[in-house]
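Notes follow the structure.
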Amino acid sequence: PEGQACGLVKNLSLMCDVTVGTPAEPLKDFMLGLGMEILEEYDPMVMPMSTKVFLNGSWVGTVQSPDYLHRSLRQIRGQEGLLPESVSIIRDIRDREIKIFTDAGRVCRPLFVVDTDPQSPRRGQLMFTHEHWEKLSEDMSIDTSGMTKKEIDDANIGWRYLIKEGLVEILDAEEEEQAMISMTPDDLSQHNRMRRFAEEGKEFFPRISPDVHARKMIPPNKTVYQYTHCEIHPAMLLGVCASIIPFPDHNQSPR
Numbered sequence: 001p002e003g004q005a006c007g008l009v010k011n012l013s014l015m016c017d018v019t020v021g022t023p024a025e026p027l028k029d030f031m032l033g034l035g036m037e038i039l040e041e042y043d044p045m046v047m048p049m050s051t052k053v054f055l056n057g058s059w060v061g062t063v064q065s066p067d068y069l070h071r072s073l074r075q076i077r078g079q080e081g082l083l084p085e086s087v088s089i090i091r092d093i094r095d096r097e098i099k100i101f102t103d104a105g106r107v108c109r110p111l112f113v114v115d116t117d118p119q120s121p122r123r124g125q126l127m128f129t130h131e132h133w134e135k136l137s138e139d140m141s142i143d144t145s146g147m148t149k150k151e152i153d154d155a156n157i158g159w160r161y162l163i164k165e166g167l168v169e170i171l172d173a174e175e176e177e178q179a180m181i182s183m184t185p186d187d188l189s190q191h192n193r194m195r196r197f198a199e200e201g202k203e204f205f206p207r208i209s210p211d212v213h214a215r216k217m218i219p220p221n222k223t224v225y226q227y228t229h230c231e232i233h234p235a236m237l238l239g240v241c242a243s244i245i246p247f248p249d250h251n252q253s254p255r
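When the letters of the sequence shown are read in order and numbered with the UniProt record's numbering, they come out as residues 1 to 255.
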């Protein structure tokens, strides 16, 4: 609507999901096993550089090795029986805080994961490869009509396979603030070329497609050090109503 009611009507994007909430106490016990100290034992004079740990907005403890805790939680997220994929894990380095949310009502959306391991030969590329695509194509031929939801999850096929393998992560709005998201895999490869040329001391020129109908490539952002995620498709930013607009990226669509 326009005028006074502007902004009152909102639309969910196409792959958006709303969390239903999971218990927080088991996660707190698990973090204690990873080196988190409970709040009652925290002494700011002894450990002034500790990182605070918040669980659903409540300060539950501190940790001396925040990188290990953050990395461990992200590795088990989405694993069956360990940590649901809808749990949000945010590390705020400047404020020395780790914030974890398991509550209901958060809007989340899936994104491809980019390999950020400095030792990996695929650093800066999507974790999702052609072999994974072939696996998904084979899964399409599996008849799941007589299977229960648990049997489908245990079979490690389809969407659950992408989550378990860490190829796709589901991020909410707050965790998305700590992520660097590439719009398309082509933009990601252009950025990797630019970074590689910079390391070799060469001048970078954007790759020009010979197809006259191809969209104009946006030059990669030189200030971005590294991307962490990539959009599954740019159209997933839109809702159902906006998706039926032809050429929405070339149309201001005021009505």
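Just so it is clear, CB atoms sit at the ideal spot from N, CA and C, and this is done for glycine as well.
From a predicted model like this one, the values you see are computed outputs, not experimental measurements.
To the nearest angstrom, how far is the alpha carbon of residue i from that of residue j?
i, j, result
"W59", "V46", "18 Å"
"residue 257", "Q4", "Because the chain is modelled from 1 through 255, residue 257 falls outside the range shown and cannot be assessed."
"H233", "L12", "16 Å"
"residue 288", "F128", "Given that the chain is displayed from residue 1 to residue 255, the structure contains no residue 288 and the question cannot be resolved."
"A235", "G61", "40 Å"
"E175", "Y68", "18 Å"
"M140", "P110", "20 Å"
"R196", "G78", "32 Å"
"T19", "T102", "8 Å"
"K150", "I142", "15 Å"
"A242", "D249", "11 Å"
"V87", "G21", "8 Å"
"M183", "C6", "28 Å"
"L34", "I218", "43 Å"
Out of the options, point me to the one whose CA is closest to residue i's CA.
i, options, result
"I38", "Q64, V20, P23", "Q64"
"S137", "W159, F54, T22", "W159"
"F204", "L238, N221, Y68", "N221"
"M49", "I93, C6, V87, T148", "I93"
"I181", "L237, N156, P248, D211", "L237"
"L162", "V18, L126, E176, G33", "L126"
"M31", "K202, C6, I89", "I89"
"G105", "P44, D186, S243, C16", "C16"
"E165", "L34, F112, E231", "F112"
Hey, could you find the ends of the beta strand (DSSP E) residue i is sitting in?
i, result
"V63", "58-63"
"G105", "104-113"
"S137", "Taken as a continuous stretch (DSSP letters only), S137 belongs to no beta strand (DSSP E), being part of the alpha helix (DSSP H) at 130-139."
Using a beta-carbon distance below 8 Å, is residue i in contact with chain D?
i, result
"E85", "Reference to chain D is not applicable here, since this structure consists of a single protein chain."
Taking buried to mean at least 16 other C-beta atoms within 10 Å of its own C-beta, is residue i buried or exposed?
i, result
"P121", "exposed"
"C108", "buried"
"E41", "exposed"
"residue 257", "An answer regarding residue 257 cannot be provided, because it is not within the stretch 1 to 255 covered by the chain."
"I201", "Reading off the sequence, residue 201 comes out as Gly, not Ile. G201 should be labelled exposed."
"F247", "exposed"
"L188", "buried"
"V9", "exposed"
"P66", "buried"
"E199", "exposed"
In the DSSP assignment, find the alpha helix (DSSP H) that holds residue i and state where it starts and stops.
i, result
"C241", "240-243"
"I76", "66-76"
"E175", "173-176"
Check: Between the stretch 63-82 and the stretch 121-139, do at least 3 Cβ pairs fall closer than 8 Å?
Finding: With the cut-off at 8 Å, the stretch 63-82 and the stretch 121-139 do not touch.
Checklist line | At least 3 beta-carbon pairs within less than 8 Å: the stretch 15-30 vs the stretch 82-92 | finding: With the cut-off at 8 Å, the stretch 15-30 and the stretch 82-92 touch.
Checklist line | Cβ contact check for the stretch 163-175 and the stretch 185-196: 3 or more pairs under 8 Å | finding: Using a C-beta cut-off of 8 Å, the stretch 163-175 makes no contact with the stretch 185-196, since fewer than three inter-stretch Cβ pairs fall below that distance.
Note to self: Between the stretch 224-239 and the stretch 103-117, can you find at least three pairs of beta-carbon atoms closer than 8 Å?
What the structure shows: In short, these stretches touch, since the Cβ pair count reaches three.
Note to self: Across the stretch 85-105 and the stretch 48-55, are there enough close Cβ pairs to call them in contact, namely three or more that are closer than 8 Å?
What the structure shows: Yes, the stretch 85-105 is in contact with the stretch 48-55.
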